[in-house]
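So the structure is just underneath, and the comments pick up after that.
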Amino acid sequence: MAKSISQADVKIIIPDDGTQVTLILPQSFGKNEMARQICHAKLRDAKVEITETVVNAIDELIEQSKNVAPTPGSEPIRGVVARAQLPVDGMDGKVEWKLDPARKQPTEPMPHPENKAEEGDAEDKRNFYEDSIYTTVATGTVVGILYEPTVGTDGRDVFGKTLVGKDGKPYDLQFDETIMRNAKGELITQQDGVLVKSNYSICVRKVIEVNGYVDFSTGNIDFTGDVNVAEGVRDNFVIKADGIVTVNGLVEAANIITGKDFNARGGMAGREQGTVNVGHDLNAKYLDAVSGTIKHDLKVDREIINCDLTVIGSVDSPTGLIIGGKLVIGGKVNIDTIGSDANVRSDLVIGSVPTLDPILKNLEAFMSDLEEKRKKYAEEQDIINRAGKRLTAEMKERQTEVMFELMTIDTPLTKAKDAHFRVNARAEELRTIDVNVRKILYAGTVLTVMGTTYKIRNDQRGPVEIFKDEKNEICIKRADGKVKLLASVCDILS
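So in numbering that gives the first Met the number 0 the end of the sequence shown lands on 493, straight run, no missing numbers.
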């Protein structure tokens with residue numbers, strides 16, 4: 000007779016987290032007609048939720064136990080008959096950056112890279128000057144994608160209780176009107192500028208703030224807005240900005256290109272390699288061996304030494320000195336001193352209109368070339384016309400060709416003369432001869448005024464004024480108040 004098996008012979012194991020139910024059966028348990036009912040009762044007593052899946056798992060385990068004969072010391076039959084459906088937490092929101100400034104501004108200036116790549120290596124050809132840390136963006140650039148968090152999915156434990164799935168946390172990215180987020184989550188720039196990003200904020204700014212030097216730690220700068228440099232600019236580096244460039248320290252032999260003002264508060268020592276192309280005013284502590292163009296006014300506190308500059312506007316530097324070099328100046332000159340007691344040649348071209356004079360020169364060369372050609376054809380036409388009735392067929396054909404050539408010359412020549420007249424009239428309106436030297440105009444200074452080059456013969460103590468009188472004569476007014484022709488105190492060089 001078979002041994003009677005009760006519910007007490009069946010054991011279950013349920014961990015504290017209620018994630019599964021392990022059923023333990025004695026050997027040959029499945030042969031008991033009440034095996035299924037006993038197992039179900041055991042699970043019900045433990046408050047386990049009995050689903051179809053659980054029933055099937057119990058049946059499989061009972062069937063397995065039928066074929067295991069009880070032997071002393073043998074292990075009981077065990078198996079997992081119920082498993083919890085675990086919850087799925089939602090994913091946190093995140094940002095996938097498309098453009099990301101990977102380098103940070105240094106706190107110390109960086110020297111030229113010392114560890115050069117092996118010859119032939121691609122790194123050997125790398126231009127470290129162009130290795131900029133700034134990420135500049137145009138309007139409409141997608142700089143990243145901001146993803147929303149996902150919702151969590153709930154689960155159930157083996158008792159049928161809900162296991163709550165946590166919703167993902169949003170990525171708290173702060174941005175202003177310079178960044179727009181569309182329906183796809185794309186972060187799109189709304190203005191040109193430099194991308195400024197921290198862990199949880201992003202924006203586009205119209206100003207690049209350089210904490211130290213422009214050197215190998217920053218690379219060259221090419222920007223649509225303003226640039227502020229806390230320290231200086233090292234040799235051979237380039238700052239190109241559509242806005243205002245302000246440098247608090249020394250600008251070395253660098254290249255500065257601006258759409259607006261350039262403020263060189265620490266001065267600029269160009270060493271004959273530094274250049275400027277300034278869209279408006281240049282304000283500097285001093286300039287030494289710098290070349291370039293200033294499209295408005297030049298204002299210097301101290302010296303302008305050995306510079307080659309074209310100033311479309313005025314030079315307004317009442318405490319400044321011009322020593323050596325050459326300045327082409329379209330407007331007024333207000334300066335403390337020109338030249339030096341060593342009679343260093345300092346060249347000033349006064350009364351120039353730098354924006355129009357080159358156009359006039361090109362028009363004059365063009366007209367001269369056309370007039371030379373016209374003269375040649377006119378002489379040939381005159382020779383042919385003298386033949387009168389003796390013109391041969393060949394001469395008549397040539398006569399037609401010459402007339403055609405004259406017509407093709409006369410049309411552009413007339414237009415060029417008209418353009419020259421209008422440009423010249425405007426240039427004369429703008430032409431300014433107004434020089435005020437407060438302290439001294441040294442001998443050896445060379446002034447080119449309206450095509451005539453004058454060399455100052457002796458020192459002229461200030462205040463000195465040079466101007467054009469009502470008779471269009473170039474005059475000088477000295478400290479004694481007397482007015483003379485400039486030529487009377489100069490040697491005429493050309």
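Don't be surprised by glycine CBs; every beta carbon is placed ideally from N, CA and C.
Computed from a prediction, not measured in an experiment: that's the story for all the values here.
Taking residue i as the reference, which of the options has the closest Cα?
{"i": "V9", "options": "G78, K438 and I132", "result": "G78"}
{"i": "F174", "options": "F158, D166, N342 and V94", "result": "V94"}
{"i": "R43", "options": "V136, G159, V244 and L485", "result": "G159"}
{"i": "G450", "options": "I473, G461, T223 and N198", "result": "I473"}
{"i": "T161", "options": "V195, F28, G17 and N66", "result": "G17"}
{"i": "V141", "options": "V203, T152, I11 and G265", "result": "V203"}
{"i": "L22", "options": "I321, I383 and V53", "result": "V53"}
{"i": "P353", "options": "V463, L429 and N235", "result": "L429"}
{"i": "T452", "options": "L320, K374 and K325", "result": "K325"}
{"i": "F222", "options": "Q380, I255 and K196", "result": "I255"}
{"i": "F466", "options": "N457, V436, D479 and D490", "result": "V436"}
{"i": "E147", "options": "K375, R155, L172 and I334", "result": "L172"}
{"i": "N262", "options": "E271, R270, Q272 and I238", "result": "I238"}
{"i": "L355", "options": "T391, A426 and G338", "result": "A426"}
{"i": "G539", "options": "T177, H419 and L85", "result": "This structure leaves residue 539 out entirely; the chain is present only between 0 and 493."}
{"i": "T407", "options": "E393, I383 and A377", "result": "A377"}
{"i": "E469", "options": "D479, P462 and L484", "result": "L484"}
{"i": "G273", "options": "Y441, D335 and D234", "result": "D234"}
{"i": "D368", "options": "T336, P357, L412 and A68", "result": "L412"}
{"i": "K360", "options": "R397, A415, A68 and N276", "result": "A415"}
{"i": "G143", "options": "F28, R385, E185 and K46", "result": "E185"}
{"i": "E280", "options": "E302, D315 and A364", "result": "Reading the sequence as shown, one finds Asp at residue 280 and not Glu. It is D315."}
{"i": "L247", "options": "N282, N219 and G224", "result": "According to the sequence as given, residue 247 is Asn; it is not Leu. It is N282 whose Cα lies nearest to the Cα of N247."}
{"i": "G89", "options": "E271, T217 and G167", "result": "G167"}
{"i": "R385", "options": "D214, I432 and Q398", "result": "Q398"}
{"i": "V531", "options": "S216, E208, D156 and T217", "result": "This structure cannot speak to residue 531, because the chain is shown only from 0 to 493."}
{"i": "I358", "options": "G231, V422 and K481", "result": "V422"}
Please name the residue or residues paired with residue i in a DSSP beta bridge.
{"i": "Y376", "result": "Answer is none; Y376 lacks a bridge partner."}
{"i": "A81", "result": "V20"}
{"i": "A263", "result": "V246 and A283"}
{"i": "Q26", "result": "Note: Q26 sits in no beta bridge, so no partner."}
{"i": "C306", "result": "In DSSP, C306 forms no bridge with anything."}
{"i": "G143", "result": "W96 and L186"}
{"i": "Y133", "result": "None; Y133 has no bridge partner."}
{"i": "R460", "result": "I439"}
Under 8 Å between the Cβ atoms of residue i and residue j?
{"i": "G278", "j": "K298", "result": "no"}
{"i": "A81", "j": "V163", "result": "no"}
{"i": "A447", "j": "I349", "result": "The question names Ala, but residue 447 in the sequence shown is Thr. Result yes, Cβ atoms of T447 and I349 sit closer than 8 Å."}
{"i": "G323", "j": "I304", "result": "yes"}
{"i": "D300", "j": "T318", "result": "yes"}
{"i": "R344", "j": "G211", "result": "no"}
{"i": "L497", "j": "I76", "result": "Any property of residue 497 remains undetermined from this structure, which presents the chain solely from 0 to 493."}
{"i": "E464", "j": "V488", "result": "no"}
{"i": "G266", "j": "A252", "result": "no"}
{"i": "G494", "j": "G312", "result": "The displayed coordinates of the chain run from 0 to 493. Any statement about residue 494 would go beyond what the structure contains."}
{"i": "H419", "j": "L492", "result": "no"}
{"i": "V445", "j": "K454", "result": "yes"}
{"i": "L98", "j": "L194", "result": "yes"}
{"i": "N333", "j": "Y441", "result": "no"}
{"i": "D191", "j": "A240", "result": "no"}
{"i": "A478", "j": "R460", "result": "yes"}
{"i": "K196", "j": "D225", "result": "no"}
So residue i is in the alpha helix (DSSP H); what residue range does that whole segment cover?
{"i": "A56", "result": "E51 to K65"}
{"i": "Q398", "result": "A392 to L429"}
{"i": "Q189", "result": "Here Q189 belongs to no alpha helix (DSSP H), and DSSP marks it neither H nor E."}
{"i": "G36", "result": "Looking at the sequence shown, residue 36 is not Gly but Gln. First-last of the alpha helix (DSSP H) with Q36: A34 to D44."}
Which stretch, first to last residue, makes up the beta strand (DSSP E) that contains residue i?
{"i": "P317", "result": "V314 to I322"}
{"i": "V436", "result": "D433 to L440"}
{"i": "E95", "result": "K93 to W96"}
{"i": "Q272", "result": "M267 to V277"}
{"i": "C489", "result": "C489 to I491"}
{"i": "I311", "result": "Per DSSP, I311 belongs to no beta strand (DSSP E) and is neither H nor E."}
{"i": "T447", "result": "V445 to V448"}
{"i": "L485", "result": "Careful: L485 lies outside any beta strand (DSSP E) and carries neither H nor E."}
{"i": "D335", "result": "V332 to I337"}
{"i": "K388", "result": "First-last for K388: undefined, no H or E at that position."}
{"i": "E464", "result": "V463 to K467"}
Nearer than 7 Å: is that true of the beta carbon of residue i relative to any heavy atom of the ligand MN?
{"i": "A252", "result": "The model depicted lacks the ligand MN and carries no ligand whatsoever."}
If we cut at 8 Å on Cβ distances, does residue i have a partner in chain B?
{"i": "D458", "result": "No chain B is part of this structure, which consists of one protein chain only."}
Fill in: beta strand (DSSP E) runs wholly inside the segment 223 to 259, at least 3 long, in chain order
225 to 228, 237 to 240, 244 to 246 and 254 to 257
Item to complete: Tell me the start and end of each unbroken beta strand (DSSP E) in the segment 154 to 220 that is at least 3 residues and wholly inside, in chain order.
Response: 178 to 180, 185 to 188, 192 to 197, 200 to 204 and 206 to 209
Worksheet entry | Inside the segment 343 to 371 only - alpha helix (DSSP H) runs reaching at least 4 residues | none
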